[in-house]
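*Asks:*
In the numbering used here, the protein residues as written are 65 to 369.
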C-alpha cells in the first residue's frame with residue numbers, strides 16, 4: 065500500500081475568481097488542519113486576472129499550477145490530484161468559505177467508516193438558505209422532468225416529485241445520498257484513482273454526478289454530513305447566477321460556453337449510464353428535451369440576459 069506524505073489535500077480549481085479564491089484560501093488556513101499534514105493545491109485555468117500572483121504573494125505554501133488554457137473543471141481537478149501526495153483529497157470550489165471544523169470532522173468520519181467512498185457537508189448560500197444542489201438523487205428521466213417542470217418546488221417534501229433534491233430527507237441528520245456536488249467532496253485518494261478519476265469528457269457541470277455514480281457502482285456510500293457547514297457563493301465563477309455574477313470575471317463568451325456545457329453534461333451522462341436502461345422512445349424524448357433546454361439557455365446569454 066502506498067505511503068502518503070500528507071493526510072489531506074485540498075484541490076481548488078480557479079478561473080478569474082481572485083477575491084473569492086483569497087477568501088477561500090484564508091478560510092482553509094484558519095480551519096483546524098488534520099494532524100497528518102495538509103496540502104493545498106490551486107489549479108488555475110488560464111485566468112486573466114491576477115489570481116495566481118495573489119496566491120504566490122499571500123500563500124507561498126500552496127502548490128500553484130497555471131494552465132495555458134481553460135481545461136475545464138474535471139481535467140483541472142485531475143491535474144491537481146496528480147500534483148498532490150495525500151491519503152485523502154477534498155475537492156473544494158473557490159467560491160466557498162469553510163469553517164473551523166469543515167476539514168477535520170468530515171475527515172474523521174471518513175477515516176472511521178471504511179465503506180464510505182465520499183463525504184460532503186451542509187452548504188448554505190449567501191441568503192442563508194441551504195444549497196440543495198449538494199444533496200441530490202440521480203437525474204433519472206422522471207426526476208429531471210419533475211425538476212424542469214417545477215414539480216419538485218411545488219412538492220418539496222415528496223418522494224415522488226422531488227427525488228432530484230431528496231426533499232423528503234431530514235437535512236439535520238447524517239445520511240446516505242446518491243450524489244454530492246463537486247463544490248465540496250472529500251474522498252480517499254486511492255478510491256478516486258481506482259474508479260478512474262474525473263471524467264474529462266465533461267467540461268463544466270455533470271462531472272460530479274458521473275463521479276458519484278461510479279463511487280456507488282464500486283460499492284461505496286456517499287454521506288451527507290450536516291454537522292459542519294460551509295458558505296457557497298454558487299455560480300460565482302461561471303457568472304451565470306445574478307446574485308454572485310459580480311464576484312468574478314466572466315465575459316459573454318464564457319457564459320455562453322458554460323451554458324452550453326451544462327446541456328452537454330446532461331447528454332453525456334444520459335448516454336453513458338442510462339441509454340441502455342430505458343426504451344428507445346424514452347431516450348429520444350429525454351435527449352430532445354436536453355437539446356431544447358440547452359438551446360434556450362445558450363440563447364438567453366447570446367441575447368445578453
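All residues carry an ideal CB built from backbone N, CA and C; glycine is no exception.
No experiment lies behind these values; they were computed from the predicted model shown.
Classify residue 146: buried if its beta carbon has 16 or more other beta carbons within 10 angstroms, exposed otherwise.
*Replies:* It is exposed - the Cβ of residue 146 has fewer than 16 other Cβ atoms within 10 Å.
*Asks:* Please confirm if the segment 255-275 is in contact with the segment 219-236, defined as three or more CB-CB distances below 8 Å between the two stretches.
*Replies:* The segment 255-275, when compared against the segment 219-236, does not touch it at the 8 Å Cβ threshold.
*Asks:* Spatial neighbours of residue 144 within its chain, please: CB distance less than 6 Å, with the 5 preceding and 5 following residues excluded, ordered by chain position.
*Replies:* Excluding residues within five positions, the ones whose Cβ falls inside 6 Å are 75, 105, 107.
*Asks:* Nearest to residue 235 by alpha carbon, out of 197, 82, 121?
*Replies:* Nearest of 197, 82, 121 to residue 235, Cα basis: 197.
*Asks:* Whose C-beta lies closer than 6 Å to the C-beta of residue 243 among residues of the same chain, with five residues either side of it excluded?
*Replies:* So the qualifying residues of the chain are 200, 273, 276.
*Asks:* Let me know if residue 177 comes out buried or exposed under the rule of 16 or more other beta-carbons within 10 Å of its beta-carbon.
*Replies:* The residue is exposed, with fewer than 16 neighbouring Cβ atoms inside 10 Å.
*Asks:* Check for me: the alpha helix (DSSP H) holding residue 119 runs from which residue to which?
*Replies:* Looking at the DSSP string, the run of the alpha helix (DSSP H) that includes residue 119 is 115-122.
*Asks:* Any chance you could list the alpha helix (DSSP H) runs of at least 4 consecutive residues sitting entirely within the segment 77-112, in chain order?
*Replies:* Here the runs fully enclosed are 82-94.
*Asks:* Beta carbon of residue 419, beta carbon of residue 126: below 8 Å?
*Replies:* Summary: the structure shown does not reach residue 419, with the chain confined to residues 65 through 369, and so no result is reported for it.
*Asks:* Tell me, which residues are paired with residue 233 by DSSP?
*Replies:* According to DSSP, which records beta bridges pairwise, residue 233 is partnered with nothing at all.
*Asks:* If you draw a straight line from the alpha carbon of residue 329 to that of residue 164, how long is it in whole angstroms?
*Replies:* Answer to the nearest angstrom: the Cα atoms are 34 Å apart.
*Asks:* Under three-state DSSP, which class holds residue 161?
*Replies:* In the structure shown, residue 161 sits in a strand (DSSP, three-state: E or B).
*Asks:* Counting only runs of 4+ residues fully inside the segment 167-221, write out the alpha helix (DSSP H) ranges in chain order.
*Replies:* Within the segment 167-221, the complete alpha helix (DSSP H) runs of at least 4 residues are 168-176, 205-212, 215-218.
*Asks:* Using CA atoms only, rank isn't needed, just tell me which of 96, 65, 79, 97 is closest to residue 133.
*Replies:* That would be 79, whose Cα lies nearest to the Cα of residue 133.
*Asks:* For the segment 249-257 and the segment 206-213, state whether three or more C-beta atom pairs, one from each stretch, are separated by less than 8 Å.
*Replies:* Too few Cβ pairs lie closer than 8 Å, so no.
*Asks:* Could you tell me the alpha carbon to alpha carbon distance between residue 217 and residue 245, rounded to whole angstroms?
*Replies:* Between residue 217 and residue 245, the C-alpha separation is close to 20 Å.
*Asks:* Leaving aside the five residues before and after residue 211 along the sequence, list all residues of the same chain whose C-beta is less than 6 Å from its C-beta, in chain order.
*Replies:* Here the set comprises 228.
*Asks:* For residue 428, is the classification buried or exposed, using 16 other Cβ atoms within 10 angstroms of its Cβ as the cut-off for buried?
*Replies:* Outside the shown range of the chain, which is 65 to 369, sits residue 428, and nothing can be said about it.
*Asks:* Any idea what DSSP makes of residue 356, helix, strand or coil?
*Replies:* Note: residue 356 maps to helix in three-state DSSP.
*Asks:* Under the three-state reduction of DSSP, which class applies to residue 71: helix, strand or coil?
*Replies:* Reduced to three states, the DSSP call for residue 71 is strand.
*Asks:* Where residue 174 and residue 181 are concerned, what is the direct C-alpha to C-alpha distance, given to the nearest angstrom?
*Replies:* Their Cα atoms are separated by approximately 8 Å.
*Asks:* Helix, strand or coil for residue 129 per DSSP?
*Replies:* Looking at residue 129 - three-state DSSP - the assignment turns out to be strand.
*Asks:* Can you name, in chain order, every residue of its own chain whose Cβ lies under 6 Å from the Cβ of residue 202, other than the five neighbours on each side?
*Replies:* Excluding residues within five positions, the ones whose Cβ falls inside 6 Å are 242.
*Asks:* Around the C-beta of residue 71, are 16 or more other C-beta atoms found within 10 angstroms, so that it is buried, or is it exposed?
*Replies:* Classification of residue 71: buried, given that the 10 Å Cβ count is 16 or more.
*Asks:* Can you check which of these residues, 123, 194, 347, is closest to residue 288 by C-alpha distance?
*Replies:* Checking every option, the nearest Cα to that of residue 288 belongs to 194.
*Asks:* Could you round the C-beta distance between residue 351 and residue 331 to whole angstroms and report it? I think they count as a contact, below 8 Å.
*Replies:* 6 Å between Cβ atoms; contact.
*Asks:* Rounded to a whole number of angstroms, what is the C-alpha to C-alpha distance between residue 94 and residue 162?
*Replies:* Going by the C-alpha atoms only, they are around 9 Å apart.
*Asks:* By a C-beta neighbour count over all protein chains shown, 10 Å radius and 16 as the cutoff for buried, is residue 356 buried or exposed?
*Replies:* Exposed is the call here.
*Asks:* Quick one, are the C-beta atoms of residue 186 and residue 293 less than 8 Å apart?
*Replies:* Going by C-beta atoms, residue 186 is nearer than 8 Å to residue 293.
*Asks:* Does the distance from the C-beta atom of residue 261 to that of residue 157 stay below 8 Å?
*Replies:* No, the pair does not count as a contact, with Cβ atoms beyond the cut-off.
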